[in-house]
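Trainee: Here the protein sequences line up with chains A and B, keeping their order. Position in the first sequence counted from 1, then plus 56, gives you the working numbering. Position in the second sequence counted from 1, then plus 56, gives you the working numbering.
Number of protein chains: 2
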Amino acid sequence: MLGAIEAGGTKFVCAVGNEDGQMLERIQIPTEIPEKTIPMVIEFFKNYKVRALGIGSFGPLDLNEKSDTYGYITSTPKPGWGNFPFVETMKKALNVPVAFDTDVNAAVWGEFLFGAGKGFNCLYITVGTGIGAGAVIGGKRLHGLSHPEMGHIFLRRHPKDKFEGFCPYHKDCLEGLASGPSIKKRWGIKGEDLLEDHPAWELEIHYLAQALLQYILILSPEKIIMGGGVMKQSHLFPSIHSEVKRLSKGFLTLPPSEIYIVAPGLGDDSGILGALMLAKEINVGNLTN
Amino acid sequence: MLGAIEAGGTKFVCAVGNEDGQMLERIQIPTEIPEKTIPMVIEFFKNYKVRALGIGSFGPLDLNEKSDTYGYITSTPKPGWGNFPFVETMKKALNVPVAFDTDVNAAVWGEFLFGAGKGFNCLYITVGTGIGAGAVIGGKRLHGLSHPEMGHIFLRRHPKDKFEGFCPYHKDCLEGLASGPSIKKRWGIKGEDLLEDHPAWELEIHYLAQALLQYILILSPEKIIMGGGVMKQSHLFPSIHSEVKRLSKGFLTLPPSEIYIVAPGLGDDSGILGALMLAKEINVGNLTN
Ligand SMILES: Nc1ncnc2c1ncn2[C@@H]1O[C@H](COP(=O)(O)OP(=O)(O)O)[C@@H](O)[C@H]1O
Ligand SMILES: Nc1ncnc2c1ncn2[C@@H]1O[C@H](COP(=O)(O)OP(=O)(O)O)[C@@H](O)[C@H]1O
Ligand SMILES: [Zn+2]
Ligand SMILES: [Zn+2]
Chain A
57 MLGAIEAGGT
67 KFVCAVGNED
77 GQMLERIQIP
87 TEIPEKTIPM
97 VIEFFKNYKV
107 RALGIGSFGP
117 LDLNEKSDTY
127 GYITSTPKPG
137 WGNFPFVETM
147 KKALNVPVAF
157 DTDVNAAVWG
167 EFLFGAGKGF
177 NCLYITVGTG
187 IGAGAVIGGK
197 RLHGLSHPEM
207 GHIFLRRHPK
217 DKFEGFCPYH
227 KDCLEGLASG
237 PSIKKRWGIK
247 GEDLLEDHPA
257 WELEIHYLAQ
267 ALLQYILILS
277 PEKIIMGGGV
287 MKQSHLFPSI
297 HSEVKRLSKG
307 FLTLPPSEIY
317 IVAPGLGDDS
327 GILGALMLAK
337 EINVGNLTN
Chain B
57 MLGAIEAGGT
67 KFVCAVGNED
77 GQMLERIQIP
87 TEIPEKTIPM
97 VIEFFKNYKV
107 RALGIGSFGP
117 LDLNEKSDTY
127 GYITSTPKPG
137 WGNFPFVETM
147 KKALNVPVAF
157 DTDVNAAVWG
167 EFLFGAGKGF
177 NCLYITVGTG
187 IGAGAVIGGK
197 RLHGLSHPEM
207 GHIFLRRHPK
217 DKFEGFCPYH
227 KDCLEGLASG
237 PSIKKRWGIK
247 GEDLLEDHPA
257 WELEIHYLAQ
267 ALLQYILILS
277 PEKIIMGGGV
287 MKQSHLFPSI
297 HSEVKRLSKG
307 FLTLPPSEIY
317 IVAPGLGDDS
327 GILGALMLAK
337 EINVGNLTN
């Protein structure tokens, strides 16, 4: 039996399952301060005999195994979670080995193994409270100097957009212009309450297409999977595809929209299934990837 | 004995060498039409008993082994080279297996194996007649849907820059704003003839730093190697590093300039040595990467 945690800003999903990705039990726990949330998480796993745990977590994270703070959530503004030794805490409590990666890397891993990205060099982008992305290239999750921060790339302004942007670091980076909260802030209305013909979507399409174009030129993914709350607006998918084409000025030959820029094949389970498969890697002795 | 070709827009470098990357002989042949250049290339290799040939070529290339036009230079405006079956031609003439990749992927491969990128997830960027980049991630050269086209990403305009840009596809993409010819076109003077305090460099630093920032956020390379004619201006290196930091607004922790953004360790030989090592891969039966 394997254990998995998808640690998000609003909720923790905890699950146990087998090596084939079948989940046997799962629960959700609200994300409060660690002193409240973590004991409930541990309690859940104590009921099962898990031999390894995989975690996909919100960040920023320290993923450098040579670092003193490996396995920590580092500089998050989220109350109580700054400098939280996530891996160490779980290891001690459950006495099992722990695999650790970002939430988006867990999600892209799930999609690569079982979902819409099966067998492809693929990119998973979440457009929700924040914007983040993870990639699988050559069968491996993309890591480097640190984990990528694709949500914070800079874009060109849409000429109609005067909104200053909502990223605490950069104001008008991708996340600052196109996340769920930035839509709310710009229009005074939540994304889920905007009609399909609202001008918000023209900007959203333009910014997400610009970001995708940069990702394509730099990473050349074979499949782009877009998830998160904002992407529940399914009319965005074909429009983003057309806008990428328009912006590239005939420079790129893209596969058709329906097979290239797609929703997650696993629905809301990409992250938790990916985390479960992180735990599986430990068993085959492949901890370093 | 292995053979290698670095096929560039102005010259072909041909070499023979051994599996350890020692070159035994090399020549340069001007790039004219294929009917003139290729027979001279073949002539050179006929003097040696090479058992495999590696090619790093200017593009765009078809690198999809399932494609009918695999191994072709495809849509280049360079007279005579459009739809040129490079791999097939060399295979027939020399009767040896041929490995094929982009010029920048050959260069990053050389630097990864023997140069400044040894052992790192690394990025090689050339800033010359064009701008292009290749990456090695997890010990593999980065390929995807097609090869990346990192030279054509979009940037924000420097407020002082009114130049319309010089890319035939996009006008003011990175290549259109920061390549050698775009410097010449904007200022009426070639890069090599501009003094260190010329305002050209402020723009150049700004655009190259913006590009690097995008690459870092998306790929997170551990080492960035910058080559090509324009980077002979060695004062650019520390300035680009500072500008990346400034643009990232404290969001990124970068290694110090001298170890992070560096000149090629192999000088002008990154490409030809990388191409030689492409040939070596064939021998160990690893043709698909
Ligand atoms: N159907 C919808 N259409 C547009 N925006 C939505 C929709 N549903 C949720 N959102 C927005 O997505 C954000 C939440 O993203 P979500 O991915 O659900 O959670 P999180 O990113 O916190 O894990 C909120 O800003 C919300 O307004
Ligand atoms: N020392 C230099 N400083 C600035 N620009 C240079 C310098 N040397 C060459 N260049 C510019 O670099 C371009 C040629 O790039 P190079 O890398 O040498 O060749 P290519 O890209 O054709 O292989 C030209 O536009 C030239 O003006
Ligand atoms: Zn930002
Ligand atoms: Zn361009």
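Note that CB positions come from ideal geometry on N, CA and C, so glycine has one too.
1. Step through the CB atoms of chain B and report whether any lies within less than 8 Å of the CB of residue 344(A).
2. Going by beta-carbon coordinates alone, are residue 281(B) and residue 167(B) separated by less than 8 Å?
3. Keeping to the same chain, check which residues put their C-beta closer than 6 Å to that of residue 287(A); ignore five residues upstream and five downstream.
4. Check this for me: beta carbons of residue 187(B) and residue 231(B), under 8 Å apart or not?
5. How many whole angstroms separate the CB atoms of residue 261(B) and residue 292(B), which I take to be in contact at a CB cut-off of 8 Å?
6. Which word fits residue 336(B), buried or exposed, when buried means at least 16 other C-beta atoms lie within 10 angstroms of its C-beta?
7. Going along the chain, which residues of the stretch 244-276 of chain A sit with their C-beta nearer than 8 Å to a C-beta in chain B?
8. Express the C-alpha separation of residue 275(A) and residue 275(B) in angstroms, rounding to a whole number.
9. So is residue 200(B) in contact with chain A if we call contact Cβ pairs under 8 Å?
10. DSSP on residue 242(A), reduced to helix/strand/coil?
11. Helix, strand or coil for residue 302(B) per DSSP?
12. Quick one: list the residues of chain A neighbouring residue 212(B), beta-carbon separation under 9 Å, in chain order.
13. Verify the CB distance criterion: does residue 205(A) have a CB-CB separation below 8 Å to chain B?
14. For residue 307(B), return the contacting residues in chain A, with the cut-off set at a CB-CB distance below 8 Å.
15. Which of the three DSSP states is assigned to residue 59(A) in this structure?
16. If you follow the alpha helix (DSSP H) that residue 324(B) is in, where does it begin and where does it stop?
17. Quick check: is the beta carbon of residue 174(B) nearer than 8 Å to any beta carbon in chain A?
18. Sort 317(A), 213(A) and 178(A) by Cα distance to residue 162(A) and report the nearest one.
19. Name all residues in chain order for which at least one heavy atom of ligand 4 lies closer than 6 Å to the residue's CB.
20. Between residue 120(A) and chain B, is there a C-beta pair that is closer than 8 Å?
21. Beta carbon of residue 191(A), beta carbon of residue 201(A): below 8 Å?
22. With DSSP as the reference, please indicate the residues paired to residue 188(A) in a beta bridge.
23. Within 7 Å: the Cβ of residue 237(A) and any heavy atom of ligand 1?
24. Taking the C-alpha atoms as reference points, what is the distance between residue 72(A) and residue 150(B)?
25. Under 8 Å between beta-carbons, which chain B residues line up against residue 278(A)? List them in chain order, please.
26. Using the Cα positions of residue 297(B) and residue 114(A), report the straight-line distance between them to the nearest angstrom.
27. Anything in chain B within Cβ reach of residue 317(A), meaning under 8 Å, just list it in chain order.
28. Determine whether the Cβ of residue 177(B) lies closer than 8 Å to any Cβ atom of chain A.
29. Looking at chain A, is there any beta carbon in it that lies within less than 8 Å of the beta carbon of residue 196(B)?
30. Quick check: is any heavy atom of ligand 1 less than 7 Å from the C-beta of residue 130(B)?
31. Does DSSP put residue 113(B) in a helix, in a strand, or in coil?
32. Of the choices 116(B), 299(B) and 315(B), whose alpha-carbon is the least far from that of residue 206(B)?
33. Give the residues of chain B in contact with residue 181(A), contact being defined as C-beta atoms less than 9 Å apart.
34. Listing by chain order, which chain B residues have their CB less than 7 Å from the CB of residue 193(A)?
35. Please report how far the alpha carbon of residue 105(B) lies from the alpha carbon of residue 63(B), in whole angstroms.
Mentor: Based on what the coordinates show:
1. Because residue 344(A) sits at a pLDDT of 41, beneath the cut-off of 50, its placement in the model cannot be relied upon, and the point is left open.
2. For residue 281(B) and residue 167(B), yes; Cβs fall inside 8 Å.
3. Correct list, in chain order: 183.
4. Taking 8 Å as the cut-off, the Cβ atoms of residue 187(B) and residue 231(B) count as close.
5. Rounded, the Cβ-Cβ distance is 6 Å, consistent with contact.
6. Here residue 336(B) is buried, its C-beta having at least 16 other C-beta atoms within 10 Å.
7. Result list: 266, 269, 270, 271, 272, 273, 274, 275 and 276.
8. Computed Cα separation, rounded: 8 Å.
9. Cβ-Cβ to chain A under 8 Å: yes for residue 200(B).
10. Three-state result, residue 242(A): helix.
11. Three-state DSSP puts residue 302(B) in a helix.
12. Within 9 Å Cβ-Cβ: 210, 211, 212 and 213.
13. Judged by the 8 Å Cβ criterion, residue 205(A) is in contact with chain B.
14. Simply 205, 208, 225 and 226.
15. Residue state, collapsed to three classes: strand.
16. Element bounds for residue 324(B): n/a, residue is neither H nor E.
17. No - not a single Cβ of chain A is within 8 Å of the one on residue 174(B).
18. Among 317(A), 213(A) and 178(A), the Cα nearest to that of residue 162(A) is on 178(A).
19. With the cut-off at 6 Å, the residues found are 208(B), 223(B), 225(B), 226(B), 229(B), 231(B) and 232(B).
20. Chain B, which has no Cβ nearer than 8 Å to the Cβ of residue 120(A), makes this no.
21. It is not a contact, given that the beta carbons lie outside the stated cut-off.
22. Partner(s): 182(A).
23. Short note on residue 237(A): C-beta closer than 7 Å to some heavy atom of ligand 1.
24. Distance between the alpha carbons of residue 72(A) and residue 150(B) is about 58 Å.
25. By Cβ distance, chain B contributes 200 and 201.
26. Approximately 29 Å between the Cα atoms of the pair.
27. Chain B residues near residue 317(A): none, gap ~12 Å exceeds 8 Å.
28. By this cut-off, residue 177(B) is an interface position.
29. Under the 8 Å criterion on CB atoms, residue 196(B) is classed as interfacial with respect to chain A.
30. Proximity of the beta carbon of residue 130(B) to ligand 1 is not indicated: no heavy atom of the ligand is located closer than 7 Å.
31. In the displayed model, residue 113(B) falls within a strand according to three-state DSSP.
32. Nearest C-alpha to residue 206(B): 116(B).
33. Residues of chain B passing the Cβ test: none, with the nearest at roughly 11 Å.
34. Ordered by position in chain B, the residues that pass the 7 Å Cβ test against residue 193(A) are 193 and 198.
35. Between residue 105(B) and residue 63(B), the alpha-carbon positions lie close to 21 Å from each other.
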